[in-house]
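A quick write-up on the structure given underneath.
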DNA sequence: GTGGTCTAGACCACA
DNA sequence: GTGGTCTAGACCACG
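Protein chains in written order, with the working numbering: chain A, 348 to 477; chain B, 348 to 477; chain C, 348 to 477; chain D, 348 to 477.
Below, the structure is given as structure tokens:
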């Protein structure tokens, strides 16, 4: 994972979203421990406080829980919670985009066209190159 | 129009987006003047500085221009600019939502389903457009 | 208000509890603004970050909300929320004490005696002195 | 007994409180030996260091004493000490709850009501005691 | 080893 | 003026 410091999205949010994605995708399973705050802070080259804030958020949401002397572990409900949150977030972004487009009187067809282009663009993965 | 002070979207951006929409939709036509800063500030119950910042942004984008002794008037290119801006913004929102959904390993089909629901929920207002 | 740095209760918790009490008691009414983070930090001689964390907690709980450019204001539901929280917290403390006492096989009457003494002691207010 | 790893109460304290209760209730009598550190650690599925810390605390309090080659045995004064400790702890919890309730301007009557509910909810186990 | 709290101080966005 | 974020670094409690 890599942090983007040129966006307005706070770093702790990027981290939280990243973990949500990994939990929702089954990379971190219930009962498993997340990377320790310090380890992740070193890996991402950010301050431990920043990682902690991200983990705190996931804790409040019930996605993970703190096990004393161990660390943060994914809860049973974590996968469901993560999936829901990401779906809701995605839906919120879509709605926001639709409102913007509609305010310009862009037709439904054109809106779908914009969405389709976004879909195919995001589907591109790097394939190598020089 | 109404301002939402409880969202994370800055007020000045809400105003700017609103004006972009009206220009793109042909409510404000090239050569026509926008509501004066003071008038709009009073109507929206916001600080004039905030309206100023919104208008400044539209000015930088070339959507409107300041005509001395008159006020901000829509430029010739304004409609096109407004449309572009909103389309790009919509596209950005879509991309952001897609990234979130993909991070959770949500299938393309499901993503389209989420989008479709957002489309129908937002409701159709007028026909026309592109 | 005064901060007690000799307890295990975090400073931000003390601050949050203090505000909860003031809201529940009607000192801060719905729609009214809390002391600004910086002002309170200076008054209590703590770091602004610490006050912010307290306010954040109250925000998550729905007791206050952030109004852009203004500050944190008490919500409509704030009074009810604060009262509920404090009542629940009090009840939790009572339950904890009861469990401890019962584990020692202390009779119900004796437990009530302990409680009564705590009640009368807490009722004492300073009355002057040299 | 069962350890709760999700509470803010340290495990070593849960263990110490448990032993205090058993001594105060006469389950462990003066001169009798406590379960060995290793045995209790295995039974509770915790680190032996944690049990050690609990026993140390009881030792400092004079509730038990380490007899070389034997283990921790309850002292003569142990019952009295245990009872005192638990009573003080209970009293502390009560005071804390009362402070919280008073800060919300909850009437003395209501506070007693909250306490009564906590009492009845906690249920009566055995008779006897003081 | 794990996380929790706090400080000092900086920089930014918004109204 | 308001709050939001982040860093560097310290100290503590727990297991």
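Where a beta carbon is used, it is the ideal one built from N, C-alpha and C, also for glycine.
Computed from a predicted structure; not experimentally measured.
Original post:
Which residue or residues does DSSP assign as beta-bridge partners of residue 419 (chain A)?
Top reply: For residue 419 (chain A), which the question treats as bridged, DSSP gives the partners A:413.
Original post:
Can you tell me whether DSSP reads residue 348 (chain A) as helix, strand or coil?
Top reply: Correct three-state label for residue 348 (chain A): coil.
**OP:** Using a cut-off of 7 Å between C-beta atoms, extract the partners of residue 443 (chain C) located in chain D.
**Re:** The answer, in chain order, is 440.
Original post:
Are the CB atoms of residue 451 (chain D) and residue 371 (chain C) nearer to each other than 7 Å?
Top reply: Cβ atoms of residue 451 (chain D) and residue 371 (chain C): closer than 7 Å.
Original post:
In whole angstroms, what is the alpha-carbon distance linking residue 419 (chain A) and residue 396 (chain B)?
Top reply: Answer to the nearest angstrom: the Cα atoms are 45 Å apart.
Original post:
Under 7 Å between C-beta atoms, does residue 368 (chain B) make it to chain A?
Top reply: With its beta carbon less than 7 Å from one in chain A, residue 368 (chain B) belongs to the interface.
**OP:** Could you please give the first and the last residue of the uninterrupted alpha helix (DSSP H) stretch that includes residue 454 (chain A)?
**Re:** Note, residue 454 (chain A): premise wrong, no alpha helix (DSSP H); not H, not E.
Original post:
If residue 421 (chain B) and residue 377 (chain B) are in contact, beta carbons under 8 Å, what's the gap, nearest whole angstrom?
Top reply: Yes, they are in contact, since the Cβ atoms of residue 421 (chain B) and residue 377 (chain B) sit about 5 Å apart, within 8 Å.
Original post:
Does residue 400 (chain A) come within less than 7 Å of chain D when only Cβ atoms are used?
Top reply: No, residue 400 (chain A) lies away from the interface with chain D (no Cβ there is under 7 Å from its Cβ).
**OP:** With 7 Å as the threshold, decide whether the Cβ of residue 363 (chain C) is near any Cβ in chain D.
**Re:** So, not an interface residue.
Original post:
Quick one, which residues of the segment 402 to 416 of chain C are near chain B if we go by CB-CB under 9 Å, in chain order?
Top reply: Under the 9 Å Cβ criterion, the segment 402 to 416 of chain C contributes 412, 413, 414, 415, 416.
Original post:
Which residue or residues does DSSP assign as beta-bridge partners of residue 380 (chain C)?
Top reply: Residue 380 (chain C) is bridged to C:420.
**OP:** Look up residue 394 (chain C) in the DSSP assignment and say whether it is helix, strand or coil.
**Re:** Residue 394 (chain C): coil per DSSP, three-state reduction.
Original post:
Hey, out of A:351, A:429, A:386, whose CA is closest to residue 448 (chain B)'s CA?
Top reply: The closest CA to that of residue 448 (chain B), considering only A:351, A:429, A:386, is found on A:429.
Subject >> Same chain, Cβ closer than 7 Å to residue 361 (chain C), five either side skipped, listed in chain order >> reply: Annotation for residue 361 (chain C): 350, 351 place their beta carbon closer than 7 Å to its own, counting only its chain and skipping 5 residues before and after.
Subject >> Straight-line Cα distance separating residue 465 (chain A) from residue 439 (chain A) >> reply: Going from the Cα of residue 439 (chain A) to the Cα of residue 465 (chain A) covers about 16 Å.
Original post:
Less than 7 Å separating the beta-carbons of residue 359 (chain A) and residue 401 (chain A)?
Top reply: In this structure, the beta-carbon distance from residue 359 (chain A) to residue 401 (chain A) falls below 7 Å.
**OP:** Would you mind giving the Cβ-Cβ distance between residue 410 (chain D) and residue 367 (chain D), rounded to the nearest angstrom? I have them listed as a contact below 8 Å.
**Re:** Residue 410 (chain D) to residue 367 (chain D), Cβ: 7 Å. Contact.
Subject >> Any chain D beta carbon closer than 7 Å to residue 447 (chain C) >> reply: Taking Cβ atoms only, chain D reaches closer than 7 Å to residue 447 (chain C), which makes this a yes.
Subject >> Cβ of residue 372 (chain B) within 7 Å of any chain A Cβ >> reply: Yes, residue 372 (chain B) counts as interfacial toward chain A.
Subject >> When B:348, B:457, B:394, B:432 are compared against residue 417 (chain C), the one with the closest alpha-carbon >> reply: If we check each option's Cα against that of residue 417 (chain C), B:394 comes out closest.
Subject >> C-alpha distance - residue 353 (chain C) paired with residue 433 (chain D), whole-angstrom precision >> reply: If I take the Cα positions, the gap works out to 22 Å.
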